[in-house]
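In what follows, a structure is listed as structure tokens, so that the remarks can point back to it.
Chains as they are written, first to last, in my numbering: chain F, 911 to 1024; chain V, 152 to 646; chain U, 12 to 149.
Next up, the structure:
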């Protein structure tokens, strides 16, 4: 199961990088979303998969059933929230940029360079 | 007493709340200055505490060390907190006079404190994932700050700033994931303990490379710096100076923290890589700065060039070199912010940042010339001021350790720095004002609130030069603490 | 979008959604739910009416100034830190008290719950702010 998800992570990164290289700002942002999801999945995978097991058990129950590691789940939750905030901000920025300049083309963004 | 460790984070948080509640702009100004003033006192107190105890650790929520989030202050964190508070304070005063009417002070100070909170959090935390969270807090505040006012250039610069920094954050997070997968912990002290005796530590290189690129983007080192000169000159000068003094230096701080505390395996490869990066960073930044004629752009490339020195100190990796890197970082934070502040004053006097369009300022205001001279001399490394000692320590460390190439590069880059500082001096102060539209702008006498921040930072630079011996002793202690982190590990893990 | 059914439904569904969000907040400490999820639900419920009427310019009490939700939420979060300091424990340690209530075996209240309520309001504010910044026209 881990190997399949690892391949999915790779695929998501591929799609993300491909979209990052496009000229449209919107596609660029979609690429960022793909990459951020790939990263979240990677962090989630880092503890290994323990399907169908709880992360918490009653204190003193003494069961020896396998436990899921709660920490990566908490990390991913935080990362998803942060990612949400950032994606909204980038979309708002893109929207304002489109409103003032009327362009979605990254090649037009050369004024502040050099 | 131990709760004080969390206060550098909580204090900006309290001020954010009060700014959200009280929306008056006049009050926002006072709150901003008052809050950052308190921050100086607080960091000063922490600094004294740390000198007494060595390392202080707070286990948040009472969760024992490897399981909960730990906040740690050691010598390096303490000095960074103090310097950052000083810069934040001077920018708060500066903002009162230099922000345009289109930017509401209330808005500015909310995100200003957001940035400060993230910054202090990054300095204080002892947990890798928590560090990521503080980076994001800082990054989001800086996104908003860089687009405040919403001019066309700002939005364009904002997109460039955002895109590269977000990719950096994603790499950071991927690094965190791999680190956790290998070691099963994210507490820095625990990581150090685990990796110290791990004969498979070389596997950490995958994770370390991701962190290297992520911090490289944040700190703007050689092949990854392109976001910085494309965006730093777009916002208002207040915001530029805030970023110039603080943001990239957090990247350097994390470099020093990670590569002295737990990525200490495979030293030859990493130090070689750090040195090569440092050399190219210095030269690329210095050359680009020499080619430009807009103050903010020159100074932006300078930031990059000087990041190279700090990375160089880390790459040489002797106690003396790391002390030099710390000395250089704090000197540079202060002097760099100061040059940006003075650039703002020049632009206010003449109405433009283009050096070709201005001139004759020395005659009109010798006082402004002195204000510029102090940080410029400091950056160029003229003896009585802080920069000379910073560079001297680094070069001495390089020669002692036999890193002749990087030392030569550092000395040559010093020449380039001097050249660009002289260029600003000649163009803005010495040459006669060209006959153009800006010539008729009447020169207004500087008000107290306008020059006070620069005087404060300039005086600090000079004092750092005069009392360099004391400061050097302190940075040496900090470096020894970094090279041998047993006290850090013990304090965090054994409480 | 200008649908009569949606507009009529929005009036009543909104309060249903908000009460559901509060439920999610209350059961959150040991079960799925909690401040963040509850806050998202409540935030979307508040926004819902704006979508139905296709107008965020509508002068409505709940929609005005999302910053005040954030201010309230962050303030509650700050309050939740204070008891641990006075109890002499490390910052953010959970302090619990049991309130005797007739017919129940007593309700446990603690600083983590206060923290959760704070998160609830902050997330409402953030959600509103997000939606506004993406829908506002010049």
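C-beta: ideal position from N, C-alpha, C; glycine also. Keep in mind it's a predicted model, so treat the numbers as computed, not measured.
- Rounded to the nearest whole angstrom, the C-alpha separation of residue 957 of chain F and residue 314 of chain V is 29 Å.
- Neighbourhood of residue 1002 of chain F in chain U, by CB distance below 9 Å: 141, 144, 145, in chain order.
- Residue 386 of chain V is classed as buried because its beta carbon has at least 16 other beta carbons within 10 Å across all chains shown.
- Between residue 328 of chain V and chain F, the shortest Cβ-Cβ separation is below 8 Å.
- Residues of the region 45-62 of chain U with a Cβ closer than 8 Å to any Cβ of chain F, in chain order: 47.
- In the DSSP assignment, residue 481 of chain V falls within the alpha helix (DSSP H) that extends over 470-501.
- By the neighbour-count criterion, in which a residue is buried when 16 or more other Cβ atoms sit within 10 angstroms of its Cβ, residue 501 of chain V is buried.
- Assignment of alpha helix (DSSP H) within the region 198-273 of chain V, counting only whole runs of 4 or more residues, yields 226-249 in chain order.
- Between residue 55 of chain U and residue 44 of chain U, the C-beta gap is not smaller than 8 Å, which leaves the two residues out of contact.
- Note on geometry: alpha-carbon atoms of residue 282 of chain V and residue 47 of chain U lie some 21 Å from one another.
- At a cut-off of 8 Å between beta-carbon atoms, residue 120 of chain U makes no contact with chain V.
- When the alpha-carbon of residue 212 of chain V is set against those of U:27, U:122, U:63, U:41, the nearest one is in U:122.
- Taken in chain order, the members of the region 89-114 of chain U whose beta-carbon sits within less than 9 Å of a beta-carbon on chain V are 89, 92, 95, 96, 100, 101, 102, 103, 104, 105.
- In this structure, the beta-carbon distance from residue 544 of chain V to residue 623 of chain V falls below 8 Å.
- In terms of CA proximity to residue 357 of chain V, V:328 leads the group V:482, V:328, V:258.
- The residues 539, in chain order, have a CB closer than 8 Å to that of residue 533 of chain V in the same chain once the five nearest residues on each side in sequence are set aside.
- One alpha carbon belongs to residue 18 of chain U, the other to residue 61 of chain U, and they sit about 9 Å apart.
- With its beta carbon less than 8 Å from one in chain V, residue 953 of chain F belongs to the interface.
- Looking from the CA of residue 531 of chain V, the closest CA among V:570, V:221, V:518 belongs to V:570.
- Per DSSP, the continuous beta strand (DSSP E) segment holding residue 120 of chain U begins and ends at 118-121.
- V:177 is the residue among V:268, V:285, V:467, V:177 whose C-alpha sits nearest the C-alpha of residue 248 of chain V.
- Residue 990 of chain F has its alpha-carbon roughly 19 Å from the corresponding atom of residue 921 of chain F.
- Selection V:521, V:407, V:460 evaluated against residue 632 of chain V yields V:407 as nearest (Cα-Cα).
- Using a C-beta cut-off of 8 Å, the region 335-342 of chain V makes no contact with the region 379-399 of chain V, since fewer than three inter-stretch Cβ pairs fall below that distance.
- In the displayed model, residue 156 of chain V falls within a helix according to three-state DSSP.
- Beyond the five residues adjoining it in sequence on each side, residue 941 of chain F comes within less than 6 Å, by CB distance, of 926, 929, 930 in the same chain, given in chain order.
- The Cβ atoms of residue 432 of chain V and residue 372 of chain V sit closer than 8 Å to each other.
- Where residue 108 of chain U is concerned, the enclosing beta strand (DSSP E) starts and stops at 107-110.
- Residues of chain U with a Cβ closer than 9 Å to the Cβ of residue 986 of chain F do not exist, since the nearest Cβ in that chain sits about 13 Å away.
- Taking residue 81 of chain U as reference, the option from U:133, U:50, U:128 with the minimal CA-CA separation is U:133.
- Short of 8 Å from the beta carbon of residue 108 of chain U, and not among the five residues preceding or following it, lie these beta carbons of its own chain, in chain order: 119, 120, 121.
- Contacts between residue 991 of chain F and chain U, judged by CB atoms closer than 8 Å, involve 47 in chain order.
- The three-state reading of DSSP puts residue 934 of chain F in strand, counting E and B together.
- Within chain F, the residues whose beta carbon sits less than 7 Å from that of residue 303 of chain V are 1010, 1011, listed in sequence order.
- When only Cα atoms are considered, residue 582 of chain V and residue 515 of chain V end up about 12 Å apart.
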